[in-house]
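Notes follow the structure.
2 protein chains.
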Amino acid sequence: MKFSKKSEYGLRALLELCETYGGRVLQRHEIAERQNIPVEFLEQILLALKRAGLLASRRGVRGGYSLIKSPEDITLGQVIRILDGPLAPISCVSKTAYQKCADCPYAAKPSCPLQQAMGEVRDAIANILDHYTLSRFAHSK
Amino acid sequence: MKFSKKSEYGLRALLELCETYGGRVLQRHEIAERQNIPVEFLEQILLALKRAGLLASRRGVRGGYSLIKSPEDITLGQVIRILDGPLAPISCVSKTAYQKCADCPYAAKPSCPLQQAMGEVRDAIANILDHYTLSRFAHSK
DNA sequence: TAGTTGTCTAGTGAGTTGCTCAAGATTTCG
DNA sequence: CGAAATCTTGAGCAACTCACTAGACAACTA
Numbered sequence: 001m002k003f004s005k006k007s008e009y010g011l012r013a014l015l016e017l018c019e020t021y022g023g024r025v026l027q028r029h030e031i032a033e034r035q036n037i038p039v040e041f042l043e044q045i046l047l048a049l050k051r052a053g054l055l056a057s058r059r060g061v062r063g064g065y066s067l068i069k070s071p072e073d074i075t076l077g078q079v080i081r082i083l084d085g086p087l088a089p090i091s092c093v094s095k096t097a098y099q100k101c102a103d104c105p106y107a108a109k110p111s112c113p114l115q116q117a118m119g120e121v122r123d124a125i126a127n128i129l130d131h132y133t134l135s136r137f138a139h140s141k
Numbered sequence: 001m002k003f004s005k006k007s008e009y010g011l012r013a014l015l016e017l018c019e020t021y022g023g024r025v026l027q028r029h030e031i032a033e034r035q036n037i038p039v040e041f042l043e044q045i046l047l048a049l050k051r052a053g054l055l056a057s058r059r060g061v062r063g064g065y066s067l068i069k070s071p072e073d074i075t076l077g078q079v080i081r082i083l084d085g086p087l088a089p090i091s092c093v094s095k096t097a098y099q100k101c102a103d104c105p106y107a108a109k110p111s112c113p114l115q116q117a118m119g120e121v122r123d124a125i126a127n128i129l130d131h132y133t134l135s136r137f138a139h140s141k
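Note that the protein sequences, when read in sequence, are chains A and B.
Counted the way UniProt numbering counts, the first sequence spans residues 1 to 141.
Counted the way UniProt numbering counts, the second sequence spans residues 1 to 141.
Here it is, written out as structure tokens:
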């Protein structure tokens, strides 16, 4: 029941990028050094965030990465879903990636006792992470 | 960010055991069949739950497993922690298994921005799972 | 004491995580 | 233009975890 390093690194990288938001770009090695993240691994993360539309990048000598969306418009939930997949603790309660459980005897019945509890957990997690924005994050620094 | 099959199977096995609570014992193959769980895998789970003090077992011909605690006194949180480890999404916010992050640059500083958010998530999860008892579970069946 | 059950320890195949490496594309600067 | 700096892509890999299996052993009961 843990988040991956990918999510953690991704969030920490975004924190750095928030600080130069609107200003200069950051290169991967700058972010990597400041946040103690292996450069090549960080790269994969930054690219994923770019593909998801959070970052822009420029190649070449004065290249680097920069935030493309305002820190107020980026939530922890978004970032974690990009890097770690759905938030739901079991897939039969996921809203973004629902899957019927194959082996559960309750799957056929009208209601599964586990589903209710897990649904509540899912909602609680999503409620927090989808309302936490990067800006709120940076302020508490 | 998912619970393991172990937890899921464990909870479903406990549901079965709730139904015969106070009455007869259940053998592993009975539970396994009704809940579609591989017997030998289930066994490991039952043993873990036994070591944790939730179940009693008897060997031999009329052997089997039975609940040793009342369903009202067993919470989902307990069970999941036994089978899956701590609930915290990152270990620096775990109450049952705290660990300082080795590489995080905020670890040294008074406050880590990630920690606050993750702490809230941890509390939310624990709040739900530690108040959900097996009895509440069985009733909604 | 024979057969049935739980107990324990080890092992295994598939998949994931966290990370590395190498070759290429694009940009800037001299 | 050409060289250097940067991002881009894709492949690869060791360690670990997950879900499950196997087999020897201990205890209970008839």
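Cβ coordinates follow ideal geometry from the N, Cα and C atoms, glycine included.
These numbers come from a predicted model, not from an experiment.
In this chain, the beta strand (DSSP E) harbouring Ser-57(B) covers 55–58.
Residue-level contact by beta carbon holds for Tyr-132(A) and chain B, with a gap shorter than 7 Å. By the neighbour-count criterion, in which a residue is buried when 16 or more other Cβ atoms sit within 10 angstroms of its Cβ, Arg-28(B) is buried. The three-state secondary structure of Tyr-65(B), taken from DSSP, is strand.
Scanning chain A for C-beta atoms nearer than 8 Å to the C-beta of Lys-2(B) yields Met-1, Ala-88, Pro-89, Ile-90, Ser-91, reported in chain order.
Considering only Ala-97(A), Leu-83(A), Pro-89(A), the residue with the shortest C-alpha distance to Lys-50(A) is Leu-83(A).
Identification of chain A residues near Val-39(B) by a Cβ-Cβ cut-off of 7 Å yields none; the smallest Cβ-Cβ distance measures about 13 Å. In this structure, the beta-carbon distance from Gly-64(B) to Leu-15(B) does not fall below 7 Å.
For Leu-26(B), the pairing in a beta bridge is given by DSSP as Tyr-65(B).
According to DSSP, residue pairing for Thr-133(B) in a beta bridge involves Thr-75(B). Within the same chain, and ignoring the five residues on either side of Asp-130(A) in sequence, the residues whose Cβ sits closer than 7 Å to its Cβ are Thr-75, Gly-77. No Cβ of chain B is located within less than 7 Å of the beta carbon of Asp-73(A).
With contacts defined by Cβ atoms closer than 7 Å, Ala-56(B) and Ser-66(B) form a contacting pair.
When 8 Å is used as the limit between beta carbons, Pro-110(A) is near no residue of chain B, the shortest such separation being about 10 Å.
In terms of beta-carbon proximity, Ile-31(A) stays away from the interface with chain B, with every pair separated by 7 Å or more. Neighbours of Leu-15(A) in chain B, taken as residues at a C-beta separation under 7 Å, are given in chain order as Pro-113. Residues of chain B whose Cβ lies closer than 7 Å to the Cβ of Arg-34(A) are, in chain order, Pro-105.
Closest in alpha carbon position to Leu-54(A), among Arg-62(A), Met-1(A), Ile-45(A), Asp-103(A), is Ile-45(A). Contact with chain A is found for Glu-120(B), since one of that chain's Cβ atoms lies less than 7 Å from the residue's Cβ. C-alpha of Gln-115(A) to C-alpha of Lys-6(A): approximately 28 Å in a straight line. Among the residues facing chain A, Ala-124(B) is included, as its CB has a counterpart in that chain under 7 Å away.
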